[in-house]
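Visitor: Dumping the structure here so I can ask a few things about it.
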Amino acid sequence: MADVHGRSPRLAIRHKVWLDAGRRFALGDGGVVLLRAVDTAGSIRAAAERAGWSYRHTLAYLDNAERSLGFRLVARVRGGVERGGAALTPRGRDFLRRYDRFRRRLDHALRDLYAAAFRERRA
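Quick note, the sequence shown lines up with residues 339 to 461 if you use my numbering.
Below is the structure:
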């Protein structure tokens, strides 16, 4: 179907991914962005700012994700700007590595499925 100018619309596939533990939300793509921000910033407060989340929401999100997954993602040291900090735990870093690999493979498979279903057909 062409638009009012006689051009065919260009479609693009978009998708979201999240993980549930049982019936409980565990972590989604936004949480992965947050984990990467913790890894680079070394601070939960700075990571929240980079992700565009409130500090309170970030803490609740991390607590829920860790409770749902059953392991710590982030090691936290209290103490404010000068003495505190945060870093991914070894299991958190491994989880992020595996999630990244999963997402790359999923994105590739979705592009292939999309192309097979919607590639233009010549008349």
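C-beta atoms are modelled at their ideal positions from N, C-alpha and C, and glycine is treated no differently.
Is Gly360 close to the ligand FMN? I mean its beta-carbon at under 6 Å from any heavy atom of the ligand.
Guide: Absence of the ligand FMN is noted for the structure shown, with no ligands found whatsoever.
Visitor: Please identify the residue among Gly430, Arg457, Leu448, Glu387 whose C-alpha is closest to the C-alpha of Arg405.
Guide: Of the listed residues, the one whose Cα sits closest to Arg405 is Gly430.
Visitor: If I follow the unbroken alpha helix (DSSP H) through Ala389, where does it start and stop?
Guide: Here the alpha helix (DSSP H) through Ala389 covers 382 to 389.
Visitor: So Ala398 is in the alpha helix (DSSP H); what residue range does that whole segment cover?
Guide: Per DSSP, Ala398 belongs to the alpha helix (DSSP H) from 393 to 407.
Visitor: Taking contact to mean at least 3 C-beta pairs separated by less than 8 Å, is the stretch 371 to 388 in contact with the stretch 349 to 363?
Guide: No, the stretch 371 to 388 is not in contact with the stretch 349 to 363.
Visitor: Hey, Val371 and Ala389 are a contact pair by Cβ (cut 8 Å); roughly how many whole angstroms apart?
Guide: That pair is a contact at about 5 Å.
Visitor: If we count the other Cβ atoms within 10 Å of its Cβ and call it buried at 16 or more, is Ala386 buried or exposed?
Guide: Buried is the call here.
Visitor: Quick one: what's got a C-beta closer than 6 Å to Leu434's C-beta in the same chain, skipping five residues either side?
Guide: Leu373.
Visitor: Could you check where the beta strand (DSSP E) with Leu365 kicks off and where it finishes?
Guide: Where Leu365 is concerned, the enclosing beta strand (DSSP E) stretches over 362 to 366.
Visitor: Roughly how many angstroms lie between the CA atoms of Arg439 and His446, to the nearest whole one?
Guide: Using only the alpha carbons, I get a separation of about 11 Å.
Visitor: Grab me the residues of Arg449's own chain with a C-beta within less than 6 Å of its C-beta, minus the 5 sequence neighbours each way, in chain order.
Guide: There are no such residues.
Visitor: What is the DSSP secondary structure of Ala350, reduced to helix, strand or coil?
Guide: Ala350: coil per DSSP, three-state reduction.
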